[in-house]
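J.:
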Amino acid sequence: MYSYQVVEFGKPLERRDYPTPKPAGTEVVVRLAGCGVCHSDLHLADGFFDLGGGKRITLADRGTKLPFTPGHEMVGEVEALGPEASGVRPGDRRIVFPWIGCGTCESCAAGEETLCPNPRFLGARRDGGYATHIVVPHAKYLVAYGDVPEDLAATYACSGITAFSALKKIPKTTARECLVMIGAGGVGTAGILLVSAVHEAKLIVADVDAKKRETAMKSNRVAAAVDPAKPEAVKQVLELTGGIGAAGAIDFVGAPASAQFGLDAIRRGGTLVSVGLYGGAVPVSLPLLPMRSVNWRGSYVGTLAEMHEMMGHILGGKVPRMPIEPRPLAAANGAMSDLRAGRVNGRVVLKPALDPK
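Read in order, the letters of the sequence shown correspond to residues 190 to 546 in our numbering.
1. Give the secondary structure of Asp-235 by DSSP, where H, G and I count as helix, E and B as strand, and everything else as coil.
2. If you compare alpha carbons, which of Met-190, Glu-366 and Ala-213 is closest to Arg-205?
3. Going by CA-CA distance only, name the one from Lys-211, Trp-288, Pro-306 and Glu-302 that's closest to Val-267.
4. Report the residue from Met-511, Ser-348 and Val-415 whose alpha carbon sits nearest the alpha carbon of Val-490.
5. So what does DSSP say about Ile-350, is it helix, strand or coil?
6. What are the complete alpha helix (DSSP H) segments, minimum 4 residues, inside the segment 462-492?
7. Please return the same chain residues whose Cβ sits closer than 8 Å to the Cβ of Thr-258, not counting the five positions on each side in sequence.
8. Quick test of the definition: if touching needs 3 or more C-beta pairs under 8 Å, does the segment 330-341 touch the segment 413-424?
9. Output yes or no for whether 8 Å exceeds the beta carbon distance between Arg-456 and Ile-433.
10. For Ser-408, which residues from the same chain have a beta carbon less than 7 Å from its beta carbon, with the 5 sequence-adjacent residues on both sides left out?
11. With 16 as the cutoff for other CB atoms within 10 Å, does Ala-536 come out buried or exposed?
12. Going by C-alpha distance, which of Gly-469, Leu-383, Cys-297 and Ala-234 is nearest Ala-249?
13. Nearest to Pro-472 by alpha carbon, out of Gly-443, Gln-449 and Ser-482?
14. Give the C-beta separation of Glu-302 and Ile-289 to the nearest angstrom, bearing in mind that I take them to be a contact with Cβ-Cβ under 8 Å.
15. Is the beta carbon of Pro-326 less than 8 Å from the beta carbon of Thr-209?
16. Figure out for me which residue from Lys-400, Ala-364, Ile-359 and Arg-365 has the closest Cα to the Cα of Thr-378.
17. Applying the 10 Å Cβ sphere with the 16-neighbour rule, what's the burial state of Leu-255?
18. DSSP three-state label for Met-406, please.
19. Can you give, in chain order, each stretch of the beta strand (DSSP E) that sits fully within the segment 506-536 and has at least 3 residues?
20. So what's Phe-450 in DSSP terms, helix, strand or just coil?
21. Measure the alpha-carbon distance for Tyr-467 versus Ser-229 and round it to whole angstroms.
22. Check the C-beta distance from Leu-221 over to Gly-265 and give it rounded, since I have them as a contact under 8 Å.
23. Since Glu-366 and Ala-412 are thought to touch, with beta carbons under 8 Å apart, how far apart are those beta carbons, to the nearest angstrom?
24. Suppose only complete runs of 3+ residues qualify. What are the beta strand (DSSP E) ranges in the segment 314-365, listed by chain order?
25. Does the separation of the CB atoms of Val-538 and Asp-340 fall below 8 Å?
26. Give the DSSP-derived three-state secondary structure of Ser-275 in the structure shown.
27. Would you call Lys-546 buried or exposed, if buried means 16 or more other Cβ atoms sit within 10 Å of its Cβ?
28. Just curious, the beta strand (DSSP E) that Thr-247 is in, first and last residue?
29. Can you say whether Arg-532 is buried or exposed, counting buried as having 16 or more other CB atoms within 10 angstroms of its CB?
30. Thinking just about the alpha-carbon of each residue, which of Thr-492, Leu-518, Lys-329 and Asn-522 is nearest to the one in Val-277?
31. Quick test of your reading: Pro-517 and Asp-544, contact by CB under 8 Å. State the CB separation rounded to the nearest angstrom.
32. Determine the direct distance from the alpha carbon of Ala-521 to that of Trp-485, and round the result to whole angstroms.
33. How big is the Cα-Cα spacing for Asp-150 and Asn-534?
34. If I measure Cβ to Cβ from Gly-372 and keep anything under 8 Å in the same chain, skipping five residues before and after, which residues do I get?
35. So for Met-190, helix, strand or coil by DSSP?
36. Jot down the residue ranges of each uninterrupted alpha helix (DSSP H) in the segment 206-232, minimum 4 residues, whole runs only, in chain order.
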């Protein structure tokens, strides 16, 4: 097998060749067919997250050791099972659910593995999917995807489940209400496509990129698209919502300006869900939180139960499909550069089968 790995933080990925792993116990080895390229991969390659105010948390602080293989939007074919593994057979094609906890703490016992204090996230804490093979600890983390196109199925492991879980964290809305989605990149696009599975509200999409706003407006659930960098953007949202503000907002960017825009755009009693990891900090006027009774919460990907719930909507034909661009696994560095520069519309999926022989 081979992987494209972070060998030195802040430097291009390098190809490394290894023996193909053999599964032990309940493990399952999956031969990967594709892996989506996510903004989180950029932070992992850089080696840090910006906390604002000159502070940062490094991957070394979180226990990541180099060399490290990024990539957590994985799909592939079961190749081998450990002696205690069951539930799948060689040849089965599955999405790999990567958000795996320690398996023993209270959070894991409650099915909230993303809250585990000692997680085993594939592609974030353990080697991930920029590779030809992956070792999955248990078959329960392999999710069927029916007749969904293989490359699209990979993206549901992060952009899909992240958007779906964030949508569920906003109280149910009616058709008379509006939600604001900030950022119309890969995860934001997934949010636009999945909103009908969770909410009745119409959408107001906010993005600084005119092309992404134009693409968003092609959805019949999007009532308007605004440029949040413009001084009149909050006023536009208020006008579109009858002067009261949106019922909720999801910040898929996670920058100081996007978070502030989300807070300003929601109504009294509204909910802002922070998802993006761009970085920075926001000065918050504390008295306004209780005076406006707003709810501000974080959302980090989603649970295995939510993954199955989301896939039920997708397999039921209720979710439109995201644009996917397949590229060779060997093109990982170029794909990450394009994502960093905002040149990706939808999702790039890296495929070992497209590599030069």
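Beta carbons are placed, not taken as given, at the ideal position from N, Cα and C, and that holds for glycine.
T.: In short:
1. Within the sequence shown, the letter at position 46 stands for residue 235. The answer is helix: DSSP assigns Asp-235 an H, G or I state.
2. What you label residue 205 is simply residue 16 of the sequence shown in a count that begins at 1. Nearest in C-alpha terms to Arg-205, of all of Met-190, Glu-366 and Ala-213, is Met-190.
3. The residue you call residue 267 lines up with position 78 of the sequence shown. The shortest C-alpha separation from Val-267 is found at Lys-211.
4. In the sequence shown, counting from the first residue as 1, residue 490 sits at position 301. The residue with the shortest Cα to Cα distance from Val-490 is Ser-348.
5. As a position in the sequence shown, residue 350 is number 161, starting the count at 1. In this structure, DSSP gives Ile-350 a helical state, which the three-state scheme calls helix.
6. Every alpha helix (DSSP H) stretch that sits fully inside the segment 462-492 and reaches 4 residues is listed by chain position as 477-481.
7. Here the question's residue 258 lines up with position 69 in the sequence shown. The beta carbon of Thr-258 sits closer than 8 Å to those of Ser-192, Tyr-193, Gln-194, Val-195, Gly-312, Asp-316, Gly-317, Gly-318, Tyr-319 and Ala-320, all from its chain and outside the five residues before and after it, given in chain order.
8. At 8 Å Cβ cutoff, the stretches do not touch.
9. Mapped onto the sequence shown, residue 456 falls at position 267. Mapped onto the sequence shown, residue 433 falls at position 244. Against a cut-off of 8 Å, the Cβ pair of Ile-433 and Arg-456 comes out as a contact.
10. Start at 1 with the first residue of the sequence shown, and residue 408 comes out as number 219. In the same chain as Ser-408, and ignoring 5 residues on each side of it, the C-beta atoms closer than 7 Å to its own belong to Ile-381, in chain order.
11. Taking the sequence shown and counting its residues from 1, the one referred to as residue 536 is at position 347. Inspection of the sequence shows that residue 536 is occupied by Arg rather than by Ala. Its Cβ being crowded by 16 or more others within 10 Å, Arg-536 is buried.
12. As a first step, residue 249 is located in the sequence shown; it is residue number 60 there, counting from the start. Sorting Gly-469, Leu-383, Cys-297 and Ala-234 by C-alpha distance to the C-alpha of Ala-249 places Ala-234 at the top.
13. What you label residue 472 is simply residue 283 of the sequence shown in a count that begins at 1. The alpha carbon of Pro-472 has as its nearest neighbour, out of Gly-443, Gln-449 and Ser-482, the alpha carbon of Gln-449.
14. The residue labelled residue 302 in the question sits at position 113 within the sequence shown. The residue labelled residue 289 in the question sits at position 100 within the sequence shown. With 8 Å as the limit, Glu-302 and Ile-289 qualify as a contact, their Cβ atoms being about 6 Å apart.
15. Against the sequence shown, residue 326 aligns to sequence position 137. Against the sequence shown, residue 209 aligns to sequence position 20. Going by beta carbons, Pro-326 and Thr-209 fall outside the 8 Å limit.
16. For the purposes of this step, residue 378 is identified with residue 189 of the sequence shown, where counting begins at 1. Selected option, being the one with the closest Cα: Lys-400.
17. Reading the sequence shown from its first residue, position 66 is the one you call residue 255. It is exposed - the Cβ of Leu-255 has fewer than 16 other Cβ atoms within 10 Å.
18. Locating residue 406 in the sequence shown gives position 217, counting from the first residue. Judged by DSSP in its simplified three-state form, Met-406 adopts coil rather than helix or strand.
19. Counting whole runs of 3 or more residues, the segment 506-536 contains the beta strand (DSSP E) stretches 513-517.
20. If you number the sequence shown from 1, residue 450 lands on position 261. If DSSP states are grouped into helix, strand and coil, Phe-450 belongs with the helices.
21. Mapped onto the sequence shown, residue 467 falls at position 278. Mapped onto the sequence shown, residue 229 falls at position 40. Rounded to whole angstroms, Tyr-467 to Ser-229 spans 9 Å at the Cα level.
22. Working through the sequence shown from its first residue, we reach residue 221 at position 32. Working through the sequence shown from its first residue, we reach residue 265 at position 76. About 4 Å; that satisfies the 8 Å criterion.
23. Counting from 1 along the sequence shown, the entry for residue 366 is found at position 177. Counting from 1 along the sequence shown, the entry for residue 412 is found at position 223. 11 Å between Cβ atoms; not a contact.
24. Whole beta strand (DSSP E) segments, 3+ residues: 322-325.
25. Residue 538 sits at position 349 when you count from the first residue of the sequence shown. Residue 340 sits at position 151 when you count from the first residue of the sequence shown. Yes; because the gap between Cβ atoms is below 8 Å, this pair is in contact.
26. Sequence index remark: in the sequence shown, residue 275 carries index 86 (1-based). Coil, per DSSP.
27. Taking the sequence shown and counting its residues from 1, one reaches residue 546 at position 357. Exposed is the label assigned to Lys-546, since fewer than 16 other Cβ atoms lie within 10 Å of its Cβ.
28. Along the sequence shown, read from residue 1 onward, the residue named residue 247 stands at position 58. From DSSP, the beta strand (DSSP E) with Thr-247 extends over 244-247.
29. Here residue 532 corresponds to residue number 343 of the sequence shown, with the count starting at 1. Under this definition Arg-532 is an exposed residue.
30. What you label residue 277 is simply residue 88 of the sequence shown in a count that begins at 1. The shortest Cα separation from Val-277 among Thr-492, Leu-518, Lys-329 and Asn-522 belongs to Lys-329.
31. If you number the sequence shown from 1, residue 517 lands on position 328. If you number the sequence shown from 1, residue 544 lands on position 355. Beta-carbon to beta-carbon, Pro-517 and Asp-544 are separated by about 5 Å, close enough to satisfy the 8 Å threshold.
32. The sequence position of residue 485 within the sequence shown is 296, counting from 1. The sequence position of residue 521 within the sequence shown is 332, counting from 1. Trp-485 and Ala-521 have their C-alpha atoms spaced approximately 35 Å apart.
33. In the structure as shown, the chain begins at 190 and stops at 546. Residue 150 is therefore absent and cannot be evaluated.
34. The sequence position of residue 372 within the sequence shown is 183, counting from 1. Correct list, in chain order: Ala-395, Asp-396, Asp-440, Phe-441, Val-442, Ser-447 and Gly-465.
35. The residue labelled residue 190 in the question sits at position 1 within the sequence shown. The answer is coil: DSSP assigns Met-190 none of H, G, I, E or B.
36. Those alpha helix (DSSP H) runs which fall completely within the segment 206-232 and span 4+ residues do not exist here.
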